[in-house]
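Scroll down for the structure; my scribbles are underneath it.
There are 2 protein chains.
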Amino acid sequence: MSYRESLTKYIANFVNQLYVSGVRNVVISPGSRSTPLSLTFAEYDRFQLWVDIDERSAAFFALGMAKETREPVVLVCTSGTAAANYYPAIIEAHYSRIPLIVLTADRPHELRDVGAPQTINQLKIFGDYPKWFHEMALPSATVEMLRYARNQAKRAIQTALRPNCGVVHLNFPLREPLVPDFTLQDIWGEEEKSLTLRAVSQLSQPNVELLIDKLKNKKRGILVCGPQDRTELGSAIVDLAEAWGIPIFADPLSLLRNGKHSNKWIVEGYDAILKSKAVRDLLELDFIIRFGAMPVSKAYLQLLQEKQGIEHIVVEEGEGYREPVGVPTHFLNHCDGVHLCRDLASYPIKIDEKWSANWRKWNTYTKEVLMEKQDRLTEGLAVIGIQQTIPDHTVLFASNSMPIRDVDTFWFSNQQLVKVLANRGANGIDGIISTALGISATDKHTTLLIGDVSFLHSLNGLLLAKNYRLNLTIVLINNNGGGIFSFLPQAKDKSKHYELLFGTPQDIDIQKLAAAYDASYEKPENWTNYVRTLENSYQRGGLTIVEVETDRTENVSWHQQKWDLIKQYLLHELEGSDDVL
Amino acid sequence: MSYRESLTKYIANFVNQLYVSGVRNVVISPGSRSTPLSLTFAEYDRFQLWVDIDERSAAFFALGMAKETREPVVLVCTSGTAAANYYPAIIEAHYSRIPLIVLTADRPHELRDVGAPQTINQLKIFGDYPKWFHEMALPSATVEMLRYARNQAKRAIQTALRPNCGVVHLNFPLREPLVPDFTLQDIWGEEEKSLTLRAVSQLSQPNVELLIDKLKNKKRGILVCGPQDRTELGSAIVDLAEAWGIPIFADPLSLLRNGKHSNKWIVEGYDAILKSKAVRDLLELDFIIRFGAMPVSKAYLQLLQEKQGIEHIVVEEGEGYREPVGVPTHFLNHCDGVHLCRDLASYPIKIDEKWSANWRKWNTYTKEVLMEKQDRLTEGLAVIGIQQTIPDHTVLFASNSMPIRDVDTFWFSNQQLVKVLANRGANGIDGIISTALGISATDKHTTLLIGDVSFLHSLNGLLLAKNYRLNLTIVLINNNGGGIFSFLPQAKDKSKHYELLFGTPQDIDIQKLAAAYDASYEKPENWTNYVRTLENSYQRGGLTIVEVETDRTENVSWHQQKWDLIKQYLLHELEGSDDVL
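Taken in order, these protein sequences are the chains called R and V. Under full-length UniProt numbering, the first residue of the first sequence carries the number 1, and numbering increases by one thereafter. Under full-length UniProt numbering, the first residue of the second sequence carries the number 1, and numbering increases by one thereafter.
Here it is, written out as structure tokens:
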């Protein structure tokens, strides 16, 4: 058998098995060494192929698709530094537990370490971040080796999907010739359906009686739901809250802030409520049961830090120890949260009714303060405008660092069928546009809330929007620089090095960039125009950039003013109360 | 002593020692965790600081500066995926042996692996690519620990500069508070000058007599100079060629194609001459002595592959085994090429005069064919136009993949004081604009020859050009896609998947992008306007984008036509010759 025939069949069997095992989307970056892979994916004709010249964007795009579909997405790139450009997205995928299959083409062994062009050491190039790295054998089409190729494809998918979901990296040494021969017969091999539809965690059995025993006589509890991606878990938490009469702190990425479920016990204003240390000091908290990852809220993190005496239970569907402040914690790893909620609901835990009622009252007040509208646009109103106009069955993607915090503060619980997503594995400002486009590519019009630094950082993503005419409404909060730093102690140094190191104004005319990528561009000057602009973008589809110009200093004082109002109200409530909570 | 005082002194001593040890340029990307480092670099006030929001661009920018100055450049970024964005440039720096000092800020140990925000595992995040990775101790200002901080700074510089030059990565765990207190007295510590000005390789002593013995009776030899960065090595090779009467194949990155030295023995047309297998078959080659890395030319690589019987000597100033075709090779590692050339020149090696004269004749003919001008612009004429107009004491930076090959073919040896540079460690198309800007930032007007895919890939680099008003003339060969692939076997598949996977036209209006980054933009339609446009850009300074629109198919046939002419001529020469060479 010629090498070309071996190459053709080996790669074709591998590709075929990926499809049979459930892969549907393949993101390819152009290159020569990867020709056997990319041509075979194209020839197979049943994948949705996406081609992006920038591997960094490509990987975040794949991440976005996998985030929304919860199915593994395949990445293909050529040899050399191409793969290194995947690294930021791979790290994000690791921490946010997103399944990705990375296929890198490589020179064969005899061309490594000898100065051959575009050849680098690709073995374990992503360090410990992939769940599985495997250097594939050289192409061969014996019965055994075709079985091997299929086995690796199957195993890659299963490994990526097994909790915690994550990244698999296969490196392909490929000799020339690189162009497969698709005129050959029977190259695809026999399809083998996997017995495992979706790998599940080996579930552990939590000791519910002991857990309940620990909560006995603890009357001031909170359920917390951080970032997580199971809709059914959200419902189960709501049912538990109803059974116990206990408030839920619902992170914007918990899937709990939107949807048809009851929002009676949902407290979404906890970040604003907990901002003040004086307020936190007056709160007496007995226990927290948390589902999902750590919430976005820094005030919540501070609360936890200050309440070291509480019972703190963290429910992990996979494996993890995500508790950054060192409070003694019971981690329930590999625990099915839905089952646990049902079990717990059957136990009669008595939550202090005043405690629960207060949280509902405070939350209502807080929302009123935050929701106050004015004609002049602010970063908060930008979020409220999206909530008011965003269509059902679409996605809001919030960038880091300020936008996700603004969403935390201003995205109130509602009945809309909208999903809120973000990259909260490593909280980077890189690859944001591409991630949002990856979500959009799953046929969901996506709204991206993003700051100007992050926008410029991930600008190359717009090539995908243009080339595939994806539906993305970008709300670009342009305060000409890094807005988040204005809230940090570094801002006190403003006089001297602040603008150079933290402000970093780029003074880019967004309208001109929009023109280069064929985007519709609008810059509404007030609330009314803003809402209309958003509505138009949803009706029109395609790529729209809505620029909202704000001022970093003004933004801080606007936020501060609201937080002060809320703080005064709460101190009055708590200090005036007979039973100090 | 307060933690803040410890932090301030620890970082200040480290930063001070970097300066004393010779660092002058620091490239910072904004972030919060890195505040102690970035503020201290700014406060020290003697560094040239460069701030770039995109770490990928920042790292290539630092690479460009270090490439031109041959001094280590410092990179500073915050925790999280920021560092991962450095990875492509770090790999390029490793393979092209460029000194970089990477300083990453990190959360302290108690905030790692516990779901703290923007926290990833940064230990050995760049795998084996850095020459040295060190996790710094937590800040402390005891006498011992200040000495430790200074020692690490000194050692970082020495390690990066010791052959092979490369990357050092120091990871800084940093607790809050993050803002140093510069009102404190005596924070910078005592300067300690290093005894080592620049680390040198432990030189090995080559056995020159044995080498000469191996070349005895070998009359058809070639000196080859691949990419290398020592001007004095170039002169020594020229002197050796003169002494022996032996041709030099001079790669465009050898520093030999430009300068005041004699170009009598320089053959720069060898790539075009060696393109045809029929021609190569007729050549009888006895030996090659190569300096520097493997040349860009693929034809040269093929020649080597086909002449397994020759004596093949590779002189490595550092350590390396850069010989990708498997021809038996004597590697002279850690060998001072200048000394070796002088030694060799004193031995009477007799090169066949006809052989040497023929190469000079063929080279002259080849250059005539290649140099032929026409009014319609081609990719070759784009190079010739640059050579005709580029000022002395400036740099031409050639992108991958097509531009460096076009420079190889069309950049003829000349007396200009121009340096030609490229990223030939891993030959990526990533970070090209930023690398060129890094060179420009050393006060050299830089001309960048780049294709459209590479231009769009590294577009973010233009933020640096704009923010620092750097002098860069970009000659953008726009053939709307990946031109290199048209020369490869994949092009035969053009009918079906070619444009999707390899052509990858992006259809971006470059003029609009230019406007967004405040660049002057020109699109000359013919030779005369092209030359004038280049001249204007050099006079004006700043950022100019000169778009040269070409057609990928036309380009291939234009190149092919010239190569055919040269092949016919050479076959006639070689076959008609009495003594077949």
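Glycine included, C-beta positions come from ideal geometry on N, C-alpha and C.
For the pair R:T394 and R:S254, the Cα-to-Cα distance works out to about 16 Å. Cβ atoms of V:T473 and V:V546 come within 8 Å of each other, at about 7 Å. Taking 8 Å as the cut-off, the Cβ atoms of R:G380 and R:D406 count as close. With a threshold of 8 Å between beta carbons, R:H457 makes contact with chain V. Rounded to whole angstroms, the Cβ separation of V:R112 and V:T104 is 13 Å, and the two are not in contact under 8 Å.
Taking the C-beta atoms as reference points, R:L100 is found nearer than 8 Å to R:A160. Under the criterion of beta carbons closer than 8 Å, R:V314 and R:F331 qualify as touching, at roughly 5 Å. When rounded, the separation of the alpha-carbon atoms in V:R147 and V:K154 is 10 Å. Within the same chain, Q118, I120 come within 6 Å of V:G80 by CB-CB distance, once the 5 residues on both sides are set aside. R:Q158 sits buried, since 16 or more C-beta atoms from the chains shown fall within 10 Å of its C-beta. For R:I313, no alpha helix (DSSP H) encloses it; the enclosing beta strand (DSSP E) starts and ends at 311-315.
Here R:V168 is near R:W132, since their CB atoms are less than 8 Å apart. Within its own chain, the residues whose Cβ lies closer than 6 Å to the Cβ of R:A519, once the five positions on either side in sequence are excluded, are L543, I545, listed in chain order. The beta-carbon distance between V:S57 and V:S434, rounded to whole angstroms, is 4 Å. This is short enough to meet the 8 Å contact definition. Chain-ordered, the chain R residues with CB closer than 7 Å to the CB of V:R322 read V114, G115.
Secondary structure in the region 259-300 of chain R: the alpha helix (DSSP H) runs of 4 residues or longer, each lying completely within the stretch, are 270-273, 277-282 in chain order. Burial is judged here by how many other beta carbons sit within 10 angstroms of a residue's own beta carbon; R:M371 has fewer than 16 and is exposed.
Straight-line measurement puts the Cα of R:P403 at about 10 Å from the Cα of R:F410.
Contact note: R:Q506 reaches chain V through I53, L463, K466, N467, using a C-beta cutoff of 9 Å and chain order.
In the three-state DSSP reduction, R:F412 falls in the coil class, being neither helix nor strand. Identification of chain R residues near V:Y95 by a Cβ-Cβ cut-off of 7 Å yields I120, ordered along the chain.
Using a Cβ distance threshold of 8 Å, V:N423 and V:N400 count as a contacting pair.
Taking CB atoms only, R:H497 has a neighbour in chain V less than 8 Å away.
With contacts defined by Cβ atoms closer than 8 Å, V:I266 and R:L456 do not form a contacting pair. When DSSP states are grouped into helix, strand and coil, R:L255 belongs to the coil group. The C-alpha of R:R290 is placed about 13 Å away from the C-alpha of R:V327.
Using a CB distance cut-off of 8 Å, R:L7 does not count as an interface residue toward chain V. The count of Cβ pairs closer than 8 Å, one atom from the region 494-511 of chain V and one from the region 558-578 of chain V, stays below three, leaving the stretches out of contact. Boundaries of the beta strand (DSSP E) harbouring R:L421: 418-422, taken from the DSSP string. DSSP, read as helix, strand or coil, puts V:L303 in helix. Straight through space, the alpha carbons of V:Q490 and R:S140 are spaced by roughly 21 Å. Pairwise C-beta distances place the region 68-77 of chain V out of contact with the region 469-487 of chain V, as fewer than three of them are shorter than 8 Å. Within the region 79-114 of chain R, the runs of alpha helix (DSSP H) that reach at least 4 residues and sit entirely inside it are, in chain order, 87-96. With its beta carbon at least 8 Å from every one in chain R, V:S399 lies outside the interface.
Counting only runs of 4+ residues, the alpha helix (DSSP H) found wholly inside the region 170-221 of chain V occupies 208-215, in chain order. Shown here, R:T550 sits in coil according to DSSP, grouped into three states, outside any helix or strand.
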